[in-house]
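Participant: Numbering (the working numbering), first residue to last: 4 to 981.
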């Protein structure tokens, strides 16, 4: 319970003062220590006095409140005894006698009910002021003060009436908070709670109304209408009345697909605007120079967007020609024409891995106020929602550094009033309707003007000819001029002639004088040529590594330097602007600078093996660290003993949370390193790194990138004829495909693993492959085959002394026996697996064993024990970021609740499972959850909504040819006949 005891809310007394609780059992504390409240009648007296808010209660009122119309003969004496005991426990200055009665006047914030009332009042004020998020948080705190039944176990008519009053108030607060949930766009999260509440309070129409609206905003229109049908039928049967007009109007608006209904409620006039107005444009450079005609041309195009079809302008030119600078300057000038916001993204089109449109759309939708839970998975759905969100708004979208038209098309607003401004190296001739502009280098006059603004008029005026020589040597390329001028401005002892003389050296400007992208490369040569040898080496070698950024520790591995020396050299590169500091301890190159750094490495790194060794050290660092993380998460697991040896140590962790955080934080660079290491000399370590980082794929967080990386490793190994590596890569693919519900594909891959690993005499995959085949056989209802595979897996694991692997196979065999009706054996096998994991301190995999044991205990009708094991597993999965297993455990808990005839709780957990498993687990598992959700809803009288769930599940099963379709047909038939 929030606030009592524990951290007190604002205004609470010191810990040494008395504090009281009524919103649950009647309790008192002094300084955090409980104060005995005595017998039920004594607690009734304490509660009655506290509920009078400091007013005096007469003896007659107290006797009537505690005993009602038939008090005992010695009621007055008993009352005085209870008062005396309370005074002794609480203090004579707390419970006082006044005018033949008693009173308690707690300090401000000392009574949980008073705190709740104050929070509720503050929430009402915040909501009136339009601060809906604040109001929602305040109500959440108020509701958090409840701790079970109000005045629990307190007798008497007064306690009974107050219990009913406070429960009604709690429901009103809950309805208000859920209403605010919907207003701020948290409809997906609200569905689970509303499902449980409507089951617990079936006649409360406001809850039904909120549930209909939440479902509709989640795109579940059929379920929303089914809730109305269920409500109308129930009210007619129970009370002989129709739904209230508000509910009927809501049904009609849902039938009409009212677009306004799908949006959060607008804030009142006095409140802050409900629509988020992003302002993502990068800062415009203060010394922007020239480009007058282009500024005017683009400005006119953007100004016309308000009254014309959506305007698209595309700037093309070589790298460093100033496309981004011009676009940002024009965008800032056009901001008054786009009052609803400006979006910006670097599409990284010049790099090896351009930004994916679906990723960009997700970021844009969040910036526009769309909650994560409302963002769909597919590119087409995200693009449609993006265009719908922009409809009626005037927003400017700046798409910088695009790769091609196919990357850009999904990101265009597509509605009048909006405009898109994009930059790219190539002309977007295949982008229909785009206004194309080819941006060339500056004129000599503009180039000298830019140089002057950065260096200072006085220095340029004193050496005009030398200044012309500088900008001429820069090829009038804006980025080159800016870098040269910045270096000169930072060195007050240099003259312009000194810089001109340096540029006159042909050895340093030959590349600069060439055409195309080489001009950009030559520009960066200005900075690179001034680096100390250690800086230049770091610049070259760090540019070799793929990935969005690099950590300090990984950079130290690349450079083969101590950590502190690495930080010194990297920070000096940041000072030269050749490297960026993304955040403390993390560094990144601009994509053009990375390309230039690699060109330098190819040209200057001798011997050439130095480049290969740098990337090999990076691979060793990631493999060693990932293996350490794996070992912490899975104590005793033998995988770490079967990995390729490495020549460099990695980071060491003592805390599993720190280790896990590292793995997820390094996901992008780590997988990029694997993709980059598919050559014959490194691919074995690459696949082992992929295997050690299996959580990235299994959790669902990085499943797609993990899968594509595993596929690349598999193809490389196959091309090299490396059966060992190909088998290991296929094993990781089989695990990803199992998690995503592609069981047939996973089975085929696991079968190939067995063949390849046997041929390569690779023992560990010969254990894991039959283990995987056994679980695939379970999902495909081939139970005898599954038992054969898993028996082999257990034998193989035992032969190499892999106890955790043995435990995994035992738990999987438990599920096979469960499916075959051998419940007692299933319980025993799962318990054996759990004992092994617990004995080795393997928390994460112990959760998998608890999951398997929970299933077996459920079928064995040991529901209480099953629930305990599943909740233990759920806690670990949630803590370990294992979204897939967290969602599956919620699903299994809903099955337990359903078997225990607790359908409301089952429905709530099934809704939570659907939310957690969104985008992972595959459609077959979604069908399973929908089937159970339908059963639970049907049991609480929401048969219409249940039918919607079953029909959706049926479509999934029939589409995949799953035998579960027959059971859903049966459920629908039984419901229709009822």
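Ideal Cβ placement from N, Cα and C applies to all residues, glycine included.
Just so we're clear, the structure is a prediction, and the values are computed from it rather than from any experiment.
(1) At the level of alpha carbons, what is the spacing between residue 2 and residue 605?
(2) What are the start and end residues of the alpha helix (DSSP H) that includes residue 851?
(3) Enumerate in chain order the residues of its own chain whose CB-to-CB distance from residue 225 is below 6 Å, with the five nearest sequence positions on each side excluded.
(4) Could you tell me the distance, in whole angstroms, from the CA atom of residue 216 to the CA atom of residue 185?
(5) Can you list, in chain order, the residues of its chain with a C-beta nearer than 7 Å to that of residue 328? Leave out the 5 residues immediately preceding and following it.
(6) Just the Cα atoms here: how many angstroms apart are residue 634 and residue 678?
(7) To the nearest whole angstrom, what separates the beta carbons of residue 57 and residue 106, a pair I think is in contact under 8 Å?
(8) For residue 560, report the span of its alpha helix (DSSP H) as first-last.
(9) Measuring only the C-alpha atoms, how far is residue 256 from residue 945?
(10) Residue 53: which of 143, 221 and 22 sits nearest, CA to CA?
(11) Is it right to say residue 145 is buried, meaning 16 or more other beta carbons lie within 10 angstroms of its own, or is it exposed?
(12) Is it buried or exposed for residue 332, if we count other Cβ within 10 angstroms and need 16 for buried?
(13) When you compare only the Cα positions, how much space is there between residue 165 and residue 30?
(14) Using the Cα positions of residue 539 and residue 531, report the straight-line distance between them to the nearest angstrom.
(15) Which class does residue 479 belong to by DSSP, given the choice of helix, strand or coil?
(16) Residue ranges of each alpha helix (DSSP H) run of no fewer than 4 residues wholly in the stretch 392-420, ordered along the chain?
(17) Have a look at the DSSP bridge pairing and note the partners of residue 822.
(18) What span of residues does the alpha helix (DSSP H) with residue 961 cover, start to end?
(19) Does the beta-carbon distance from residue 938 to residue 901 come in below 8 Å?
(20) Do residue 155 and residue 28 have their C-beta atoms within less than 8 Å of each other?
(21) Whole angstroms is fine: what's the gap from residue 471's alpha carbon to residue 700's?
(22) Suppose contacts are defined by Cβ-Cβ distances below 8 Å. Is residue 377 in contact with residue 188 by that definition?
(23) Between the stretch 912-926 and the stretch 889-896, do at least 3 Cβ pairs fall closer than 8 Å?
(24) Looking at the unbroken alpha helix (DSSP H) that takes in residue 894, where does it start and where does it end?
(25) Does DSSP classify residue 345 as helix, strand or coil?
(26) Just to check my reading of the structure: residue 928 and residue 936 have Cβ atoms closer than 8 Å, yes? What is that Cβ distance to the nearest angstrom?
(27) Output the distance between the C-alpha atoms of residue 696 and residue 286, rounded to the nearest integer angstrom.
(28) Just the C-alpha distance for residue 846 and residue 68, rounded to the nearest angstrom, thanks.
(29) Note down, in chain order, each residue of its chain lying with its Cβ closer than 6 Å to the Cβ of residue 942, except the 5 sequence neighbours on either side.
(30) Verify whether the separation of the beta carbon atoms of residue 572 and residue 537 is less than 8 Å.
(31) Compare the C-alpha of residue 534 against each of 647, 806 and 582 and name the closest.
(32) Out of 462, 889, 266 and 316, point me to the one whose CA is closest to residue 371's CA.
(33) Since residue 986 is in the alpha helix (DSSP H), which residue starts that stretch and which ends it?
(34) Quick one: grab the DSSP three-state call for residue 244.
(35) Report the CB separation of residue 393 from residue 379 in whole angstroms; it is logged as a contact under 8 Å.
(36) Could you give the first and the last residue of the continuous alpha helix (DSSP H) run that contains residue 766?
Facilitator: The structure says:
(1) As displayed, the chain neither begins before 4 nor continues past 981, which places residue 2 out of reach and without an answer.
(2) Element bounds for residue 851: 846-862.
(3) For residue 225, same chain residues with a beta-carbon under 6 Å away, outside a window of 5 residues either side, are 951 in chain order.
(4) Here the alpha carbons of residue 185 and residue 216 stand approximately 8 Å from one another.
(5) For residue 328, where only same-chain residues beyond five positions count, the Cβ hits under 7 Å are 288, 291 and 481.
(6) Their Cα atoms are separated by approximately 23 Å.
(7) About 6 Å separates the two Cβ atoms, so the contact holds.
(8) Residue 560 -> alpha helix (DSSP H) spans 555-562.
(9) Going by the C-alpha atoms only, they are around 20 Å apart.
(10) The shortest CA-to-CA distance from residue 53 to any of 143, 221 and 22 is the one to 22.
(11) The residue in question, residue 145, is buried, as its Cβ has 16 or more Cβ neighbours within 10 Å.
(12) Counting C-beta atoms within 10 angstroms of its own C-beta, residue 332 has 16 or more neighbours from the protein chains shown and is therefore classed as buried.
(13) Taking the straight line from one Cα to the other gives about 16 Å.
(14) One alpha carbon belongs to residue 539, the other to residue 531, and they sit about 7 Å apart.
(15) In this structure, residue 479 counts as coil in the three-state DSSP scheme.
(16) As summarised for the stretch 392-420, the continuous alpha helix (DSSP H) elements at least 4 residues long and confined to that stretch are 408-411, given in chain order.
(17) Residue pairing by DSSP places residue 822 opposite no residue, since no beta bridge is assigned to it.
(18) If you look at residue 961, you'll find it in the alpha helix (DSSP H) that goes 946-963.
(19) Taking 8 Å as the Cβ cut-off, residue 938 and residue 901 qualify as a contacting pair.
(20) Cβ distance < 8 Å, so residue 155 and residue 28 count as in contact.
(21) For the pair residue 471 and residue 700, the Cα-to-Cα distance works out to about 57 Å.
(22) Yes, they are a contact pair.
(23) Judged by Cβ distances under 8 Å, the stretch 912-926 makes contact with the stretch 889-896, as three or more pairs qualify.
(24) 886-902 is the span of the alpha helix (DSSP H), which, as asked, contains residue 894.
(25) Three-state DSSP puts residue 345 in a strand.
(26) Actually they are not in contact, since the Cβ atoms of residue 928 and residue 936 sit about 13 Å apart, beyond 8 Å.
(27) Each residue's Cα considered, the two are about 39 Å apart.
(28) In a straight line, the C-alpha of residue 846 is about 53 Å away from that of residue 68.
(29) Once the five neighbours on either side are set aside, the close Cβ partners of residue 942 are 906.
(30) Less than 8 Å divides the Cβ of residue 572 from the Cβ of residue 537.
(31) Per the Cα distances, 582.
(32) Put simply, of 462, 889, 266 and 316 the residue whose alpha carbon is nearest the alpha carbon of residue 371 is 266.
(33) Limits of the chain in this structure are 4 at one end and 981 at the other, which puts residue 986 out of reach.
(34) For residue 244, the secondary structure class from DSSP, reduced to helix, strand or coil, is coil.
(35) With a Cβ gap of about 16 Å, residue 393 and residue 379 do not count as contacting.
(36) Per DSSP, residue 766 belongs to the alpha helix (DSSP H) from 766-782.
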